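Here the structure comes first, spelled out in C-alpha cells, and everything after it is commentary.
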Amino acid sequence: MAHVATPVAIVSSVDGGLPVGTTVSAFTSLSMTPPMVLVSLDKGSETLELVAASGRFGLNILASDQTSTALKFAKKGGVGKFNGVRWDLDHEVPRITGVAGWVACTVEQIVEGGDHMIVLGNIVAAEHVHGEPLTYHGRVFGTHSAIEVLQ
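Residue 63 in the working numbering sits at position 63 of the sequence shown, and the numbers go up by one each step.
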C-alpha cells in the first residue's frame, strides 16, 4: 500500500485530563447520512484503548507543514507526545493548532480487521481550518498538487 497516496492525521483522545494521540494514514469518510468516518488503529495502540474507554476521538488532519508532528506522534508509547505541541480541548477531544482539518467523533462501533481495529465514528463537529493537507506516498511525506486537465 506504500504506492497509494494517503492523508496523514493524528487520532487524539484524553486520559485523565491529559491528551494522547497517534499518527494514522488509514482513515476515510464512511457515510454522509449520518456523517461518519472510519479509522484503523493497531490492536496494541494505547490510543485505541483510550478511544474505546472514552467513547470519543478527534481526527486532526495534518497540514503540509506538520511533518515533524506526524513523526513525533508515530512513535510507540503515548507519554509526552503533546509536549511542545499547541492544542485545545474541543468537543472533549484534543484539537491540534494549525491542522488542515479537524473532526470530533463519538464511537459508533469498533470492529476487528486483522491486526487492527476499525473504529467507526459519528461526526459531531468538523472544520476545514487552513492550508494544504499532508500526504504520505512511497514512504515520503508530501502534499497534493493539482494537475492541468486537458479536454
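Idealized CB from N, CA, C, for every residue including glycine. Fair warning: this is a prediction, and the values are worked out from it, not measured in the lab.
{"Asked": "Do the stretch 102-109 and the stretch 65-72 make contact, defined as three or more Cβ pairs closer than 8 Å?", "Found": "no"}
{"Asked": "Going by beta-carbon coordinates alone, are residue 106 and residue 121 separated by less than 8 Å?", "Found": "yes"}
{"Asked": "Under three-state DSSP, which class holds residue 71?", "Found": "helix"}
{"Asked": "Between residue 77 and residue 129, what straight-line distance do the alpha-carbon atoms span, to the nearest angstrom?", "Found": "28 Å"}
{"Asked": "What does the alpha-carbon distance come out to for the pair residue 12 and residue 45?", "Found": "12 Å"}
{"Asked": "Rounding to the nearest angstrom, what Cα-Cα distance links residue 60 and residue 148 in this structure?", "Found": "29 Å"}
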